[in-house]
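Undergrad:
Number of protein chains: 4
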Amino acid sequence: MPKVTEEHRAARREQIVRAMLRCVAQDGFHRTTMAAVIRESGLSAGAVYLYFRNKQDLIRAIAETAIADVAVVVEEAAEAEELPDPERVVLDLTQRIVDLGEAHGVELHRVALQTWAEAVRDPEVLEIARGEAGRIAAAWVTYARRAIEAGFLPADAEPTRVARALMGLLPGFMLQRLVFPDVTPAAYAAGLGDLLRH
Amino acid sequence: MPKVTEEHRAARREQIVRAMLRCVAQDGFHRTTMAAVIRESGLSAGAVYLYFRNKQDLIRAIAETAIADVAVVVEEAAEAEELPDPERVVLDLTQRIVDLGEAHGVELHRVALQTWAEAVRDPEVLEIARGEAGRIAAAWVTYARRAIEAGFLPADAEPTRVARALMGLLPGFMLQRLVFPDVTPAAYAAGLGDLLRH
Amino acid sequence: MPKVTEEHRAARREQIVRAMLRCVAQDGFHRTTMAAVIRESGLSAGAVYLYFRNKQDLIRAIAETAIADVAVVVEEAAEAEELPDPERVVLDLTQRIVDLGEAHGVELHRVALQTWAEAVRDPEVLEIARGEAGRIAAAWVTYARRAIEAGFLPADAEPTRVARALMGLLPGFMLQRLVFPDVTPAAYAAGLGDLLRH
Amino acid sequence: MPKVTEEHRAARREQIVRAMLRCVAQDGFHRTTMAAVIRESGLSAGAVYLYFRNKQDLIRAIAETAIADVAVVVEEAAEAEELPDPERVVLDLTQRIVDLGEAHGVELHRVALQTWAEAVRDPEVLEIARGEAGRIAAAWVTYARRAIEAGFLPADAEPTRVARALMGLLPGFMLQRLVFPDVTPAAYAAGLGDLLRH
DNA sequence: TATGAATGAGATTTCATTCAT
DNA sequence: AATGAATGAAATCTCATTCAT
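This is the structure:
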């Protein structure tokens, strides 16, 4: 009952979350029916409700996963031993977001857009988003500090402000991916490069 | 008589759209019921359906309005007689987006987030978004060209790439407004300024 | 919109309550499905929910009706110009309860039993029951006073205590009707007569 | 081995019935879920279904217990060596019903009300109720005979009719306990005393 | 005997839309 | 043009019961 069950539990939750991710990337949270998630997960209705109290609970789990995924990627980049310059870091990050989606078989930015929309109306999702956004912002501040030290940015730049601007580029990329599917990480990052080059 | 009717029609549509905007900023598109819109608009169910074929039609009208509002603002900035530098233009734009929301009594970024989410699942909304995004992108290209000419940006910068990056900053701002309501246009633009300063 | 609608509204509610009464007398509150009430009422699901917020609301309406019907009967008896003796009053009341049920096409005691059971678990139904029981108790006190004056009861009897005992006879009758359907008002009242006769 | 097993079996059944009694007194039969009974009993789902075929079976066991408890009490009173007068017998019985509930930690009248309601819709529960009611009625007839002999009641009273009326007083008491929790056995019995005194 | 995760039929409720007036 | 009561398909969620272990 102890370890096996706990793992089993986690695996089942994962199974359900994955199923819902596939649905949500297509139909959004509110056009995704529980019936669809149940079908896609291969479980029964009862089983799904054994692992998630209700649909909103499941939505929150997805929201958490989606933003946490991005947060991890940004943290890794900020703490990389060899610090990349800003253009390079934006290139890496956008590329990894694209890759992450492909690995999951789900376009991550589509889910992210749903999550932001949901944060507008569910205070609990907003709180989750705020928490993860805090982590992301902190990672960017770390990056900014190191980038200033490394001479990538002006010595008198203020790390927190710089962090905000750099952080803002990611949602911009995700939204553009939706509207212009041919926007590549390379092209996007190059745009930043043009801005920063003297 | 046709003209009066046409005006009347437009006024009624506006009245309904305004009502739905208020609802959507709170509850999102799919948690906003037609009953709520009807109540908020002060009209009857029948009347609303006289001006909009169905809910999706109304959603599309909102989507169009919301993004078009932003597009107009960007176009104006790009064509300003006296060209502002990039920091300044981001300051102006983010500020005008905030002001626009206050003028409508609705936080515009909340509606924008809904619209993007809806574009994920409704191809027609995606098409609208694509069209408006095209206008916005074009305006940014215009701006980039003039900014290069004006010496705000490196001479060898490629306008279309620069446009993408600058354009990407706006969604980033809107999302941050949701999560950290105290992010100001000034702070956000200053972050860009730090990045661009040598 | 004014008077016609109000009457219409009342008629619809009555229609639904009647339909549910028929169901409840057979299946009890919790085995009566809304689908059954909807079918029996001849309306649509939406219409039923237009007049009652939810099933519990409908249950409460039934509870109120059922006990109020009994209360009215007892009040009438207590205020009758020509005061009947206790045996007679119990005969009249039990008979009228039986008649009332036949008039409605529903055995009233079956619904009453459901209502009492529901009062155990729904505080709001309990409150309704308490209110109506208060009216019934008051009516019995009135009767007891007059019966003492009329010499039907000992001069030193205490009206409130007598009221309680007399009042207690009615549920006893209703329950016996369920278990022994051949118990008649006449037989039941005669039992009381035997008790009271010297 | 069979005997030990049989005792064990009985103990387990008792354990489950007690658990359900606590649930039913609060929530009624149909709002009591098997999950609640399982939790309250401290057993597993499988175990409960080892001792009771299904929920209805368990409901019937409760129904039987609840009414049988009352029946035993009435029988004891009817056969008491020293015959109490009617007021006294009603006092004793109502008091013992209250005590019985306290001994079980469950207000018995609440369960009784559920049982009557259930008898309305489950013919098998009705049959149980009828059987126990028959025993109770018979006990009252016995009492009535002896009470006539003892001079507590008129010599020409008909025992079966008197039995019905006396019997009817108990449900009346139980219902009043629900609605007016401060009704005491003493007050209730005194009301009958007032009625009977010349 | 005992467990408790899993099942899936079925219950309640909502809500976009229509249409007689 | 305007009304708003009515519709009914569809969505979410529950819960009695089973069965592999």
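Chains as they are written, first to last, in this note's numbering: chain A, 1 to 198; chain B, 199 to 396; chain C, 397 to 594; chain D, 595 to 792. All C-beta atoms in this analysis are idealised placements derived from N, C-alpha and C, irrespective of residue type, glycine included.
B/Q374: which of A/M20, A/D122 and A/L126 sits nearest, CA to CA?
TA: Nearest C-alpha to B/Q374: A/L126.
Undergrad: Is it true that the CB of D/I661 sits closer than 9 Å to the CB of D/V631?
TA: no
Undergrad: Is B/R343 helix, strand or coil when you go by DSSP?
TA: helix
Undergrad: For a contact meaning CB atoms closer than 7 Å, what does C/L487 contact in chain D?
TA: By Cβ distance, chain D contributes nothing, its closest Cβ being about 12 Å from C/L487, past 7 Å.
Undergrad: Report the CB separation of A/I128 from A/H109 in whole angstroms; it is logged as a contact under 8 Å.
TA: That pair is no contact at about 18 Å.
Undergrad: Taking 8 Å as the threshold, find out whether the region 151 to 168 of chain A comes into contact with the region 381 to 389 of chain B through three or more Cβ pairs.
TA: yes
Undergrad: Looking at chain B, is there any beta carbon in it that lies within less than 9 Å of the beta carbon of A/K3?
TA: Residue placement at A/K3 cannot be trusted, given a pLDDT of 49 that sits under 50; the coordinates are not used to answer.
Undergrad: What does the Cβ neighbour count give for D/D716, buried or exposed, with the cut at 16 atoms within 10 Å?
TA: buried
Undergrad: Does B/M218 get closer than 9 Å to chain A when you measure Cβ to Cβ?
TA: no
Undergrad: Threshold first: 4 residues or longer. Then list the alpha helix (DSSP H) segments lying entirely within the region 722 to 789 of chain D, N to C.
TA: The region 722 to 789 of chain D contains these whole alpha helix (DSSP H) runs: 753 to 773.
Undergrad: Please identify, using Cβ separations under 8 Å, the residues of the region 700 to 728 of chain D that lie next to chain C, in order along the chain.
TA: R704, L707, Q708, W710, A711, E712, A713, V714, R715, L720, A723, R724 and A727
Undergrad: If you draw a straight line from the alpha carbon of A/E132 to that of A/E64, how long is it in whole angstroms?
TA: If I take the Cα positions, the gap works out to 8 Å.
Undergrad: Under the assumption that B/Y249 contacts B/R220 (Cβ atoms under 8 Å), give the Cβ distance between them as a whole number of angstroms.
TA: Contact doesn't hold; Cβ gap of about 17 Å is too wide.
Undergrad: With 16 as the cutoff for other CB atoms within 10 Å, does C/P581 come out buried or exposed?
TA: buried
Undergrad: List the residues of chain B whose Cβ lies closer than 9 Å to the Cβ of A/G151, in chain order.
TA: Simply none; closest approach about 11 Å.
Undergrad: Take C/M496 and list the residues in its own chain whose beta-carbon comes closer than 8 Å to its own, dropping the five residues that flank it on each side.
TA: Before going further, note that residue 496 of chain C is Leu rather than Met in the sequence given. Counting only Cβ-Cβ distances below 8 Å, and skipping sequence neighbours, we find D465, V469 and L504.
Undergrad: Compute the beta-carbon to beta-carbon distance between D/E669 and D/A605, rounded to the nearest angstrom, for a pair I have assumed lies under 8 Å.
TA: With a Cβ gap of about 26 Å, D/E669 and D/A605 do not count as contacting.
Undergrad: Which residue from A/A25, A/R18, A/N54 and A/Q26 puts its Cα closest to that of A/M34?
TA: A/N54
Undergrad: Starting from C/T511, follow the alpha helix (DSSP H) in both directions and report where the run begins and ends.
TA: It spans L504 to R517 - the alpha helix (DSSP H) in which C/T511 sits, taken as one unbroken run.
Undergrad: Can you have a look at D/R654 and say buried or exposed, based on whether 16 or more other CB atoms are within 10 angstroms of its CB?
TA: buried
Undergrad: Indicate the three-state DSSP secondary structure (helix, strand or coil) for A/S41 in the structure shown.
TA: In the structure shown, A/S41 sits in a helix (DSSP, three-state: H, G or I).
Undergrad: Would you say A/P86 lies against chain B (beta-carbon separation less than 9 Å)?
TA: yes
Undergrad: So C/A586 contacts chain D; which residues on that side make the cut at Cβ distance below 7 Å?
TA: R755
Undergrad: Indicate whether the contact test is met: 3 or more Cβ pairs, each with one atom in the region 138 to 155 of chain A and one in the region 76 to 88 of chain A, closer than 8 Å.
TA: yes
Undergrad: For D/V611, which of helix, strand or coil comes out of DSSP?
TA: helix
Undergrad: For C/L565, go through chain D and note every residue whose CB falls closer than 8 Å to its CB, in chain order.
TA: Residues of chain D passing the Cβ test: A759, G762, L763 and G766.
Undergrad: Under the three-state reduction of DSSP, which class applies to B/A264: helix, strand or coil?
TA: helix
Undergrad: Output yes if chain B places a C-beta closer than 9 Å to the C-beta of A/Q176; else output no.
TA: Closer than 9 Å: yes.
Undergrad: I need the straight-line Cα distance from C/F576 to B/A243, nearest angstrom please.
TA: 55 Å
Undergrad: Could you tell me how far apart the beta carbons of D/E681 and D/L764 are, in whole angstroms, since I believe they sit closer than 8 Å?
TA: That pair is no contact at about 14 Å.
Undergrad: Do D/V714 and C/Q452 have their C-beta atoms closer together than 9 Å?
TA: Against a cut-off of 9 Å, the Cβ pair of C/Q452 and D/V714 comes out as no contact.
Undergrad: Report yes or no: is there a C-beta of chain B within less than 9 Å of the C-beta of A/V179?
TA: yes
Undergrad: I'd like to know whether the C-beta atoms of C/L479 and C/R542 end up nearer to each other than 9 Å.
TA: In this structure, C/R542 lies closer than 9 Å to C/L479 by Cβ.
Undergrad: Does DSSP put A/A25 in a helix, a strand or coil?
TA: helix
Undergrad: Look at the alpha carbon of A/R31 and the alpha carbon of A/V111, and state the distance between them as a whole number of angstroms.
TA: Cα-Cα distance, rounded: 13 Å.
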